[in-house]
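Following: one structure in structure tokens, then a few remarks.
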Amino acid sequence: MEHRVTVKPLGNEVACREGQALLEALREAGIGVESVCGGRGTCGKCRIRVLSGDAGSPTADELERLRRERAGDGLRLACQVVPRGDLTIFIPASSLTGNQRLQLESGLGSRDFDPAVRAYDLEVEIPGEPGDAGSDLLRLREALLRAGPLAEPRAIDIEALRALPGTLREEEGSVRAVLRGEAILGIIPRKRTPLGLAVDLGSTKIALFLYDLESGEMLSAHGLLNPQIPYGEDIVTRIQQALEGKDGRLQALAAEGITEGLSAMLAETGREKADVFEAVVVGNTAMHHLFLGLPVEQLARSPYLPATDQPHEVAARDLGLRLNPSAVVYLPPPIAGYVGSDHLAAVYAARMEERTGPCLLLDIGTNTEVALQVEGRVRCCSCASGPAFEGGGLSCGMRASEGAVEAVLLDPDTGEPELSVIGGTPPRGICGSGVLSALAALLRSGTADPGGRLLEGMPGVERGTEGLFFPLTQDTDEGTSLAVTQGDIREIQKAKGAMRAGIDALLAEEGLDPGDLEEVIMAGAFGTYVDPADALAIALLPPVPLRIITQVGNAAGSGARSMLLSIKARREAEALAERIEYLELSAYPRLGPLFAADMYLTEEAVAAAKGRFALGRKEG
Ligand code: FES
Numbered sequence: 008m009e010h011r012v013t014v015k016p017l018g019n020e021v022a023c024r025e026g027q028a029l030l031e032a033l034r035e036a037g038i039g040v041e042s043v044c045g046g047r048g049t050c051g052k053c054r055i056r057v058l059s060g061d062a063g064s065p066t067a068d069e070l071e072r073l074r075r076e077r078a079g080d081g082l083r084l085a086c087q088v089v090p091r092g093d094l095t096i097f098i099p100a101s102s103l104t105g106n107q108r109l110q111l112e113s114g115l116g117s118r119d120f121d122p123a124v125r126a127y128d129l130e131v132e133i134p135g136e137p138g139d140a141g142s143d144l145l146r147l148r149e150a151l152l153r154a155g156p157l158a159e160p161r162a163i164d165i166e167a168l169r170a171l172p173g174t175l176r177e178e179e180g181s182v183r184a185v186l187r188g189e190a191i192l193g194i195i196p197r198k199r200t201p202l203g204l205a206v207d208l209g210s211t212k213i214a215l216f217l218y219d220l221e222s223g224e225m226l227s228a229h230g231l232l233n234p235q236i237p238y239g240e241d242i243v244t245r246i247q248q249a250l251e252g253k254d255g256r257l258q259a260l261a262a263e264g265i266t267e268g269l270s271a272m273l274a275e276t277g278r279e280k281a282d283v284f285e286a287v288v289v290g291n292t293a294m295h296h297l298f299l300g301l302p303v304e305q306l307a308r309s310p311y312l313p314a315t316d317q318p319h320e321v322a323a324r325d326l327g328l329r330l331n332p333s334a335v336v337y338l339p340p341p342i343a344g345y346v347g348s349d350h351l352a353a354v355y356a357a358r359m360e361e362r363t364g365p366c367l368l369l370d371i372g373t374n375t376e377v378a379l380q381v382e383g384r385v386r387c388c389s390c391a392s393g394p395a396f397e398g399g400g401l402s403c404g405m406r407a408s409e410g411a412v413e414a415v416l417l418d419p420d421t422g423e424p425e426l427s428v429i430g431g432t433p434p435r436g437i438c439g440s441g442v443l444s445a446l447a448a449l450l451r452s453g454t455a456d457p458g459g460r461l462l463e464g465m466p467g468v469e470r471g472t473e474g475l476f477f478p479l480t481q482d483t484d485e486g487t488s489l490a491v492t493q494g495d496i497r498e499i500q501k502a503k504g505a506m507r508a509g510i511d512a513l514l515a516e517e518g519l520d521p522g523d524l525e526e527v528i529m530a531g532a533f534g535t536y537v538d539p540a541d542a543l544a545i546a547l548l549p550p551v552p553l554r555i556i557t558q559v560g561n562a563a564g565s566g567a568r569s570m571l572l573s574i575k576a577r578r579e580a581e582a583l584a585e586r587i588e589y590l591e592l593s594a595y596p597r598l599g600p601l602f603a604a605d606m607y608l609t610e611e612a613v614a615a616a617k618g619r620f621a622l623g624r625k626e627g
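Numbering (our numbering), first residue to last: 8 to 627.
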């Protein structure tokens, strides 16, 4: 007899034989779960959470390893669980091995394959006799008409025309014509295929995906930090820099970042940049404008209007992108001044409009975009959550990369912290999900109160020159200790207050309570790696059942990939952009009191503060 195990957030379904340990079943299905002790139940690395189904009771050893206080959340060790029926489990990112983590980055697949760029095999006659007439272009057009792709190929890019005579003769007329619609973009040798690039141009990180546009296969994925970062961590600072005359430099840096990422992927795959004929770029509105060289002054002033809300197609060479010289860049439309085409791509990839019940999508970062779908209507807003979720502005903060503490548990007896570190290396700093996890642990153990105050006299709490702090370790690589300070907690409170206020405003506008939500989708790097139980524990999310929370990875990147692979996807996303309604939070009359209430760390405290401010569901 077999039991079916649904594995979130990967979305797989795994068969587990009667009597078989869950860890073994996951391994057999190719899901890499950390298991330093080899399944003996002593390392505590194979933590999973049972969301539903009969997994039996935790063993005494298991309870000991899991520090008892977390067992109530369904936390278990996969090596000790022997399913007794069908299960749904959640594997936190900290328990997944490296390769498996990457899969989270591509959780949402594309729907269609009808790319804008297509290649046609041609036999073009090359006359060599004196008296032969007609140009190379004429004979190329005739060959295209014979191949039948178009009634009349209309235009040829000037760069493609420049390369035409040479390529035709080098390949003795056996070539492939690369067309985009009715325009000829290039002529390439028969053995090569056209490539396309999908880009999520984030303020912090640039994610790139290289595709073969003939097979639809993804050849490589790559991420790098946005080289604009030295000009300011957040969008507002970068807009300021642009207004001070650095706009040209910021444009060039964005193009250089994309080109650098592409070069790494081409080197890895042995392909050539001359074969990259199209790119689809999504990004927040400031990134979109800076990349296109559009003015950004109006983004900095109320009512924060974008220069365009239309899709655009621009020659890659005009943007400084080093692809094929004839390549075209497609940019989907931004939605508003602070809700960009990246959010459109995420809403599209998550198929929000098709969800049956009320559904919330959160793309969490320096700027958190929130979308709420109710009965096929999508309304969105943008929350200035600041850099704390990405480790910025924290005393020991760092980005979520190797050496970052990403999860913290406290021993209920001694208060000793147990750290989970990305890459299993000595800890170098704490990323956003690590601080959030630490805060949840401090709250659960009573070391911090619902107002976010560390309580002097509680085990582990110390006082320094800057006030109270809770040390996590004394010996990092650099010889400094890691700690969560009172200031760090305040930064997380501000970030979470801004994001939660946006969620609450959207719910109130629709006349909904959190209990009406049927699904909460968390996207973006932070949204992927944060433990949803921690997010609920500190009231970052409204009170919803753990089982309705899904983590989907880089949804904006998934949307960009869909649009690279499909013209239909572009038209659907463009139509979606016209239907999405935008709520400007800065003009929302109850934002201040909502933000103040949402800074509290428990639902009870949030509700009490809302009661004091007479904030609730919008009447009527
Ligand atoms: Fe070590 Fe499960 S593999 S505790």
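All residues carry an ideal CB built from backbone N, CA and C; glycine is no exception.
Remember, it's a predicted structure, so these values are computed and weren't measured experimentally.
Per the C-alpha coordinates, the member of GLY252, ILE163, GLN317, VAL336 positioned closest to LEU583 is GLN317. In the three-state reduction of the DSSP assignment, ALA604 falls in the helix class, which pools H, G and I. In terms of CA proximity to VAL303, ALA343 leads the group ARG460, ALA343, ALA62.
DSSP places PRO394 within a helical segment (H, G or I) once states are collapsed to three.
Here the alpha carbon of LEU217 sits roughly 28 angstroms from the alpha carbon of MET405. For CYS366, the distance from the CB to the nearest heavy atom of ligand 1 is not below 6 angstroms.
Taking all protein chains in view, the Cβ of GLU423 is surrounded by fewer than 16 other Cβ atoms within 10 Å, so the residue is classified as exposed. Secondary structure at ASP538: coil, using DSSP grouped into helix, strand and coil.
Within the segment 371-453, the complete beta strand (DSSP E) segments of 3 residues or longer fall at 375-381, 384-390, 411-417, 424-428, listed in chain order.
Ranked by how close their Cα comes to the Cα of ARG384, the residues VAL321, LEU513, PHE396 have LEU513 in first place. What you get when you keep residues with a C-beta closer than 7 angstroms to any heavy atom of ligand 1 is LEU30, SER42, VAL43, CYS44, GLY45, GLY46, ARG47, GLY48, THR49, CYS50, GLY51, LYS52, CYS53, ARG72, LEU84, ALA85, CYS86, GLN87. Under the rule that a run must span 3 or more residues, the beta strand (DSSP E) segments found entirely inside the segment 458-492 read 469-471, 474-480, 489-492.
GLY48 carries a coil assignment under DSSP once its states are collapsed to helix, strand and coil.
At a Cβ-Cβ threshold of 7 angstroms, GLY347 and PRO339 do not count as neighbours. Secondary structure of ILE587 (DSSP, three-state): coil. The beta carbon of PRO434 is closer than 7 angstroms to those of GLY410, VAL412, LEU426, VAL428, THR480, THR483, LEU489 in its chain, skipping five residues each way along the sequence.
About 7 angstroms separates the beta carbon of ARG83 from that of GLU69, a gap short enough to meet the 8 angstroms contact definition. For ASP164, same chain residues with a beta-carbon under 6 angstroms away, outside a window of 5 residues either side, are LEU192, SER333 in chain order. The beta carbon of LEU260 sits closer than 6 angstroms to those of PRO234, GLN235, all from its chain and outside the five residues before and after it, given in chain order. If you draw a straight line from the Cα of ALA445 to the Cα of MET570, it is about 39 angstroms long. Going by C-alpha positions, LEU330 is about 23 angstroms away from THR292. DSSP, reduced to helix, strand and coil, places THR200 outside both helices and strands of the structure shown, so it counts as coil. For GLU360 and LEU548, the gap between their C-alpha atoms comes out near 21 angstroms. The beta carbon of GLY239 sits closer than 8 angstroms to those of ARG245, GLN247, GLN248, all from its chain and outside the five residues before and after it, given in chain order. Beta bridge pairing from DSSP links LYS280 with no other residue. Sequence-distant partners of THR66 (beyond 5 residues in either direction) whose C-beta falls short of 8 angstroms from its own C-beta, in its chain, are GLY48, GLN87. DSSP links ASP523 through a beta bridge to no other residue.
Annotation: the segment 544-582 contains the following complete segments of the beta strand (DSSP E) (minimum length 3 residues), in chain order: 556-560. Only exposed fits PRO237, as fewer than 16 other CB atoms lie within 10 angstroms of its CB. With respect to the 7 angstroms criterion, ALA32 and CYS23 are classified as neighbours on the basis of their beta carbons. Listed in chain order, the non-local C-beta contacts of ALA612 below 6 angstroms within the same chain comprise PRO457, local neighbours out to five positions each way being set aside. Between PRO99 and the set ILE133, GLU41, VAL442, ARG362, the nearest pair of CA atoms involves GLU41.
The beta carbons of HIS319 and GLY268 sit about 21 angstroms from each other, so the pair does not count as a contact at 8 angstroms. Within a 10 Å sphere around the beta-carbon of LYS617 sit 16 or more other beta-carbons, which makes this residue buried. With respect to the C-alpha of LEU299, the residue from PRO310, VAL287, GLU224, GLU149 having the closest C-alpha is VAL287.
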